[in-house]
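Numbering (the working numbering), first residue to last: 8 to 181.
For each residue, glycine too, the CB sits at the ideal point set by N, CA and C.
Predicted model only: the values in this text are computed from it and were never measured.
Notes follow the structure.
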Amino acid sequence: MLNIFVNTWGNYNENGADGGAWITLPKDADELQELLEQIAENMGDTDPEFAIHDYEWTCEWEGFEISEYANIEELNEFCQRLSELNDYESKVYAAAVEYYGRENVEIDEIDEFNLYTDITDNYDLGYYWAVESGCYNTDELGTLGRYIDYEGFGRDIALEADGGFTTYGFIERC
Numbered sequence: 008m009l010n011i012f013v014n015t016w017g018n019y020n021e022n023g024a025d026g027g028a029w030i031t032l033p034k035d036a037d038e039l040q041e042l043l044e045q046i047a048e049n050m051g052d053t054d055p056e057f058a059i060h061d062y063e064w065t066c067e068w069e070g071f072e073i074s075e076y077a078n079i080e081e082l083n084e085f086c087q088r089l090s091e092l093n094d095y096e097s098k099v100y101a102a103a104v105e106y107y108g109r110e111n112v113e114i115d116e117i118d119e120f121n122l123y124t125d126i127t128d129n130y131d132l133g134y135y136w137a138v139e140s141g142c143y144n145t146d147e148l149g150t151l152g153r154y155i156d157y158e159g160f161g162r163d164i165a166l167e168a169d170g171g172f173t174t175y176g177f178i179e180r181c
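Right under this line is the structure:
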């Protein structure tokens, strides 16, 4: 899910980039604490302040930027919660973060979003709401139904919705 390269500031200030270790999150909280203590011990740092000097997301979405000052325990809790999501929930979270920004989306709020994974443009959005959603009965229109501007209808829906298009589909806040 997330690999972080952890060093202590004391070691970094004395030895530069030498030292530190990669940790894969999520980890059990006790196991993480043991690893951090081991890193501090290996660096000869008795009062460690940890720093993240590199990171690599290993999930299907791009993740987000991580500061070298980020709280490792909080990152671990976040990764633990992320690992508990099913595939659809993970896509909802990724789409919400892509569209609204990470600072505006909490991982525990994913039930406040609808993601339409097959809708990638205004035409698809208009067609979905006019034909597939069941909101309208286009069969009753007969040949007149062929003249519906699905793209225009979808554009209007997108403008009125609290959402938009992402690489995962159309996301909107309920």
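request  = Could you work out which residue in G170, G176, V99 is closest to T124 when comparing CA atoms only?
outcome  = Residue G176 is the option with its Cα nearest to T124.
request  = Could you please give me the residues that DSSP links to Y123 through a beta bridge?
outcome  = Note: Y123 is bridge-paired with F177 in the DSSP secondary-structure output.
key: Same chain, Cβ closer than 6 Å to G17, five either side skipped, listed in chain order   = Cβ within range, chain order: D52.
Neighbour-count burial assignment, N144, 16 or more Cβ in a 10 Å radius = Counting Cβ neighbours within 10 Å, N144 comes out exposed, since fewer than 16 surround it.
message = So if DSSP puts D61 in a beta bridge, which residue, or which two residues, is it bridged to?
response = DSSP lists F12 as the bridge partner or partners of D61.
inquiry  = Given this structure, state the Cα-to-Cα distance separating N121 from D94, to the nearest angstrom.
reply    = Their backbone Cα atoms lie some 14 Å apart in a straight line.
ask   = T65 to E113, Cα distance in whole Å?
value = Between the alpha carbons of T65 and E113 lies a gap of roughly 20 Å.
query = Should D54 go down as buried or exposed, given a rule of 16 or more other Cβ atoms within 10 Å for buried?
reply = With fewer than 16 Cβ atoms within 10 Å of its Cβ, D54 is classed as exposed.
task = Could you tell me the boundaries of the alpha helix (DSSP H) in which I30 lies?
result = Careful: I30 lies outside any alpha helix (DSSP H), inside the beta strand (DSSP E) at 28 to 32.
query = Taking just the CA atoms, how far does A58 sit from E75?
reply = Straight-line spacing of the CA atoms in E75 and A58 works out to 5 Å.
task = May I have the straight-line CA-CA distance separating K34 from G141, to the nearest angstrom?
result = Separation of K34 and G141 (C-alpha to C-alpha, rounded to the nearest whole angstrom) is 45 Å.
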